[in-house]
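Visitor: Throughout the sequence shown, residue numbering follows my numbering, covering -15 to 244 in sequence.
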Amino acid sequence: MRLKNRVAVVTGAARGIGLACARRFAEDGARVVLSDVNAEGLDEAVAQLAGEGHDVAAFVADVSVVEEIQKLVDFAGAKFGSIDIMLNNAGIALTQDFLTITEADFDTVMAINLRGAFFGVQAAAKAMIAQGRGGVIINMSSINSRMANPSVATYAISKGGLNQVTGTAAVALAPHGIRVVGIGPGTIATEMLKMGFLTNEAQGKMILSRTPAGRLGEASEVAAVASFLASDDASYMTGQTLYPDGGRMILNYVMPEPEQ
Ligand SMILES: NC(=O)c1ccc[n+]([C@@H]2O[C@H](COP(=O)([O-])OP(=O)(O)OC[C@H]3O[C@@H](n4cnc5c(N)ncnc54)[C@H](O)[C@@H]3O)[C@@H](O)[C@H]2O)c1
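1) What do you get for G(-4), buried or exposed, if any count of 16 or more other CB atoms within 10 angstroms of its CB means buried?
2) Rounded to a whole number of angstroms, what is the C-alpha to C-alpha distance between S193 and G201?
3) Look at the Cβ atom of G161, then the Cβ atom of A111, and state whether they are nearer than 8 Å.
4) Can you give me the Cβ contacts of E205 inside the same chain, cut-off strictly under 7 Å, excluding the 5 residues immediately before and after it?
5) What number of angstroms, rounded off, separates the C-alpha of L157 from the C-alpha of L56?
6) Thinking C-beta only, is A140 closer than 8 Å to S125?
7) Would you give the residue range spanned by the beta strand (DSSP E) that V120 belongs to?
8) For M190, report the span of its alpha helix (DSSP H) as first-last.
9) Can you name, in chain order, every residue of its own chain whose Cβ lies under 8 Å from the Cβ of D217, other than the five neighbours on each side?
10) M112 by DSSP, collapsed to three states: which one?
11) Could you give the DSSP three-state label for R130: helix, strand or coil?
12) Are there 16 or more other CB atoms within 10 angstroms of the CB of I1, so buried, or fewer, so exposed?
13) Could you tell me which residues DSSP pairs with A42 in its beta bridges?
14) Apart from the five residues just before and just after G223, which ones in its own chain have a Cβ nearer than 6 Å to its Cβ?
15) Within 8 Å, do at least three Cβ pairs link the stretch 93 to 113 to the stretch 30 to 39?
16) Cβ of R(-1) versus every heavy atom of ligand 1: is any distance shorter than 7 Å?
17) Indicate, with yes or no, if ligand 1 has a heavy atom lying under 7 Å from the CB of P169.
18) Using only CA atoms, which one of A29, A203, P169 and D46 lies nearest to M245?
19) To the nearest angstrom, report how far apart V93 and G75 are at their CA atoms.
20) Is the closest heavy atom of ligand 1 to the C-beta of E175 under 7 Å?
Laid out in structure tokens, this is it:
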């Protein structure tokens, strides 16, 4: 129960990594506001967690609209009295050829993954400063923030920028007792993966050949890192992004020996 008496907000929480993090925060004792642009999925997710006995609430918000982020943070304060943990998790990925990327594609991805997270940090930070007892803000990055994969260029660019949101915010907000940290998962078995990154068998084999752990990650394994970072166990960590990736990044381009 290391998050007892904390209030957490999670964006993109209707499914996947966001839902797993919301569940883990609740299991660790937090009251959680789950938010998503998908109202129907959100209702199902909140009903599921409430049915498990957790203190949760739903708020529909599109993180690409700055006013909606502000309304979400205000809702958490009105519903549960504070905001102690903000997880900017909502994100999308477009898989496309580098030369076909349009202005609209670029803007769509940046508006959600980068601008949405930046204003999520800012809105949460203002509320936390007003409360006067610090807080933790977590940004959901990716190994793609550090790898130049041109088939998901807009995604990689947005996540690279997001690491700088984490870094600059950590320095700006440290005097207020607010820690800002990131999580950069490797390949995690979610809907996003099935629709974007893992569209055929060859791609799957390629991803696993570069994953020393030899398997995809589970959303709950990302949530475990989020729980640690949100808790006082990580009280001296700020500005960094941790990578639960089954060894993918450290392997880099050193390919394993082929099987004999
Ligand atoms: N799955 C992976 O392998 C992986 C790896 C690294 C990082 N990530 C990151 O983790 C986060 C969650 O990914 P996931 O795999 O669970 O994806 P997902 O597609 O399963 O879930 C994303 C959720 O975000 C919501 N969302 C999309 N646009 C939104 C918007 N404008 N406002 C509010 N909510 C919105 C969706 O409705 C959905 O419920 C993303 O930021 C993603 O980039 C995922």
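Here a beta-carbon is modelled for each residue, glycine too, at the ideal position from N, C-alpha and C.
Guide: Let's see:
1) Here residue -4 corresponds to residue number 12 of the sequence shown, with the count starting at 1. So G(-4) ends up on the buried side.
2) The residue you call residue 193 lines up with position 209 of the sequence shown. The residue you call residue 201 lines up with position 217 of the sequence shown. Going by the C-alpha atoms only, they are around 14 Å apart.
3) For the purposes of this step, residue 161 is taken as residue 177 along the sequence shown, with counting starting at 1. For the purposes of this step, residue 111 is taken as residue 127 along the sequence shown, with counting starting at 1. Going by C-beta atoms, G161 is not nearer than 8 Å to A111.
4) Residue 205 sits at position 221 when you count from the first residue of the sequence shown. Only P228 meet the Cβ criterion.
5) Start at 1 with the first residue of the sequence shown, and residue 157 comes out as number 173. Start at 1 with the first residue of the sequence shown, and residue 56 comes out as number 72. So the alpha carbons of these two residues sit roughly 20 Å apart.
6) For the purposes of this step, residue 125 is identified with residue 141 of the sequence shown, where counting begins at 1. For the purposes of this step, residue 140 is identified with residue 156 of the sequence shown, where counting begins at 1. No, the pair does not count as a contact, with Cβ atoms beyond the cut-off.
7) The sequence position of residue 120 within the sequence shown is 136, counting from 1. Here the beta strand (DSSP E) through V120 covers G119 to M124.
8) Here residue 190 is taken as the residue at index 206 of the sequence shown, counted from 1. Element bounds for M190: E185 to S193.
9) What you label residue 217 is simply residue 233 of the sequence shown in a count that begins at 1. So the list reads R(-14), once near-sequence residues are dropped.
10) As a position in the sequence shown, residue 112 is number 128, starting the count at 1. M112 falls in the helix class under three-state DSSP.
11) On the sequence shown, residue 130 is found 146 positions in, with the first residue counted as 1. Of the three classes helix, strand and coil, the one that applies to R130 here is coil, per DSSP.
12) In the sequence shown, residue 1 corresponds to position 17, counting from 1. I1 should be labelled buried.
13) Along the sequence shown, read from residue 1 onward, the residue named residue 42 stands at position 58. DSSP output for A42 lists L18 as bridge partner(s).
14) Here residue 223 corresponds to residue number 239 of the sequence shown, with the count starting at 1. Within the same chain, G223 has close Cβ partners G151 and A154.
15) no
16) What you label residue -1 is simply residue 15 of the sequence shown in a count that begins at 1. Yes - ligand 1 has a heavy atom lying nearer than 7 Å to the Cβ of R(-1).
17) In the sequence shown, the residue the question calls residue 169 occupies position 185. Yes; taking the cut-off as 7 Å, the Cβ of P169 has a heavy atom of ligand 1 nearer than that.
18) Past the boundaries of the shown model lies residue 245; the chain is included only from -15 to 244, so the question cannot be answered.
19) To locate residue 93, count along the sequence shown from 1; it is residue 109. To locate residue 75, count along the sequence shown from 1; it is residue 91. Looking at the two C-alpha atoms, the distance is approximately 8 Å.
20) By one-based count along the sequence shown, residue 175 stands at place 191. Checking the Cβ of E175 against ligand 1 gives yes.
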